[in-house]
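Some notes on the structure that comes next.
Protein chains in written order, with the numbering used here: chain P, 1 to 330; chain G, 1001 to 1270.
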């Protein structure tokens, strides 16, 4: 039975779009990535799950309880970090742990103090004197300290330095190993890729993808760098599933690279750029490998599946696509 | 609930202390000084004719050319300093949930605790009631202490004082209930405070204009100040049961409506 489930969940902010027919299902003991660009509806979905917003239609349940009606009971076993962490200025971690121990009716201080040490946070420092990163750490510790069965984290790494981000990732992996469930929202793909078992992508308030990471990787394209010899003729055709992204005669010699080209050619030494093709492979590698083996290319680099490309493809809106086409035409 | 009450204590103990001290001092000073100042009120009425309608509006009765000893004591309970201190406290306190919490961004933290919105609101209301008790007791203590410096003939009887205090407590409840309701309907604390302030100001203005304008007299029953008239209570020496009942009805209706709104509304921070 899923620990968290939404069915056709919809909500709008008057004229503004919120979310539309969102369907999610989380199994326990998993880390679930919830991806989407800013304003896509991640926080709205999470706020409905936390009982802060009332859905216009559809259902949302956690532990088989209704998120709106049984919010208080659900929140007993949920740890939540909002997207924009704001805490009381007088709060210190120590006071926060005392407060939560009273509210939750169990002593959360021992684990809280342990986490404070792990996240290098001074327990007596008040929020008004904290940096943004320390406020984020405080919110994380307060969310984790009661060992919740479900953690709902809305962009939890924002404000954390890379070392603390690693520490958080490690901590979340431990939570999953202990059988707890994590809903991890982010707009940074690499975080989700490094952490999650399953990923849902939301765009314009609608879920556009909900797959395991392995399924997503199978769908994701790979980048291929194909180096030709200066005197050999370029290939006259490409194998199925391979698309040409860039080749040197696409542009006039000496003109500066556009930012898109620079991104494509990153990692290619300058002296090879004049005879390197950039390709994209979708699907199985075998046809391409056979095709490449028949030709005598001096160098072929086959990259890993790029979720980044998949992610960008999902998120490109009609308007941005039109903009990109217009730029290409220039 | 203990944790939630402790949170309120942490946040509000010092403001409550300062408001209580302020009211203690203000009521003490006014009790001691008003009889002396108001002894020559007829001269003031001659020099500044606008003072008389103002005092009439505050007292709810025409003081004539000279204020009686008892009426001058009634003036204490409607003095703008006293009412301002009490209302300022109420506006500050009762606009915290949910408007204040949304405004400062802490609503997510508070409302995602394992407590229902009813529990949060009831806890907040308990803090409001107990702080009101403290503040009114402080004011009364200031008054009581200062009466020893007042001529015995100028003193109010304990019975009259307690009747006026009951009326003031009912007004406290009505204003607080209204503030809770407007806070529940708003996402901005400033807007909630401004709305309550505007209603209180309108109440006072209607009471003031009722002396000159027939239309204002006709709608004066809408004014909250119409149900808080210490001068009449002292003059008649009768418990203002009807006035208190109206104020308590306003308090109950607005508080219940506030609870209903808080339990049903979405908490939007975007």
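Quick reminder that beta carbons are idealized off the backbone N, C-alpha and C, glycines included.
- Leaving aside the five residues that flank residue 292 of chain P on each side, the residues in its chain whose CB is nearer than 7 Å to its CB run, in chain order, 300.
- From the beta-carbon of residue 1003 of chain G, the residues of chain P found nearer than 7 Å are 99, 102, 103.
- Neighbours of residue 72 of chain P in chain G, taken as residues at a C-beta separation under 7 Å, are given in chain order as 1114, 1115, 1116.
- 7 Å or more divides the Cβ of residue 145 of chain P from the Cβ of residue 81 of chain P.
- In the structure shown, residue 246 of chain P adopts extended strand secondary structure according to DSSP, grouped into three states.
- C-alpha of residue 218 of chain P to C-alpha of residue 314 of chain P: approximately 15 Å in a straight line.
- Leaving aside the five residues that flank residue 132 of chain P on each side, the residues in its chain whose CB is nearer than 7 Å to its CB run, in chain order, 159.
- Looking at the DSSP output, residue 62 of chain P bridges to P/4, P/65.
- Residue G/1129 holds the alpha-carbon nearest to the alpha-carbon of residue 1012 of chain G among G/1078, G/1168, G/1113, G/1129.
- Within the region 1092-1126 of chain G, the residues whose Cβ lies closer than 7 Å to some Cβ of chain P are 1104, 1105, 1106, 1108, 1109, 1111, 1112, 1113, 1114, 1115, 1116, listed in chain order.
- Cβ proximity to chain P below 8 Å picks out nothing from the region 1143-1176 of chain G.
- Taken residue by residue, none of the region 1026-1050 of chain G has a beta-carbon sitting less than 9 Å from a beta-carbon on chain P.
- Residue 1047 of chain G and residue 1075 of chain G have their alpha carbons spaced roughly 20 Å apart.
- For residue 1190 of chain G, the three-state secondary structure derived from DSSP is helix.
- Cβ-Cβ separation between residue 1142 of chain G and residue 1028 of chain G: approximately 4 Å, consistent with a contact (criterion under 8 Å).
- With a threshold of 16 other beta carbon atoms within 10 Å, residue 1220 of chain G meets it and is buried.
- Closest by C-alpha distance to residue 1250 of chain G, out of G/1175, G/1193, G/1230, G/1200, is G/1175.
- Apart from sequence neighbours up to five positions away, the residues of its chain that approach residue 1156 of chain G with a beta-carbon distance below 6 Å are 1073, ordered along the chain.
- When Cβ-Cβ separations below 7 Å define contact, residue 50 of chain P makes contact with chain G.
- The residue among P/288, P/227, P/203 with its C-alpha nearest the C-alpha of residue 242 of chain P is P/288.
- Using a CB distance cut-off of 7 Å, residue 86 of chain P counts as an interface residue toward chain G.
- For residue 53 of chain P, the nearest beta carbon of chain G is closer than 7 Å to its own beta carbon.
- Judged by beta-carbon spacing, residue 1095 of chain G lies within the 7 Å limit of residue 1183 of chain G, meaning their Cβ atoms are closer than that value.
- A contact between stretches requires three or more CB pairs, one per stretch, nearer than 8 Å, and the region 90-103 of chain P meets this requirement with the region 1002-1009 of chain G.
- Listed along chain G is no residue with a C-beta nearer than 9 Å to that of residue 277 of chain P; the closest approach is about 45 Å.
- Neighbours of residue 1007 of chain G across chain P, judged by C-beta separation under 7 Å: 99.
- Contact annotation for residue 82 of chain P against chain G: 1108 [CB-CB distance below 7 Å, chain order].
- Residue 130 of chain P is not bridged by DSSP to any residue.
- In terms of CA proximity to residue 1053 of chain G, G/1210 leads the group G/1146, G/1210, G/1199, G/1083.
- Classified as buried, residue 191 of chain P has 16 or more neighbouring CB atoms from the shown chains inside 10 Å of its CB.
- DSSP places residue 305 of chain P in the uninterrupted beta strand (DSSP E) bounded by 299-305.
- Nearest to residue 1010 of chain G by alpha-carbon distance, out of P/150, P/215, P/311, P/98, is P/98.
- Around the Cβ of residue 149 of chain P, a 10 Å sphere holds 16 or more other Cβ atoms; the residue is buried.
- Using a CB distance cut-off of 7 Å, residue 76 of chain P counts as an interface residue toward chain G.
- In the three-state scheme derived from DSSP, where H, G and I count as helix and E and B as strand, residue 91 of chain P is classed as coil.
- Cβ contact annotation for residue 1232 of chain G (same chain, cutoff 7 Å, sequence separation greater than five): 1060, 1061, in chain order.
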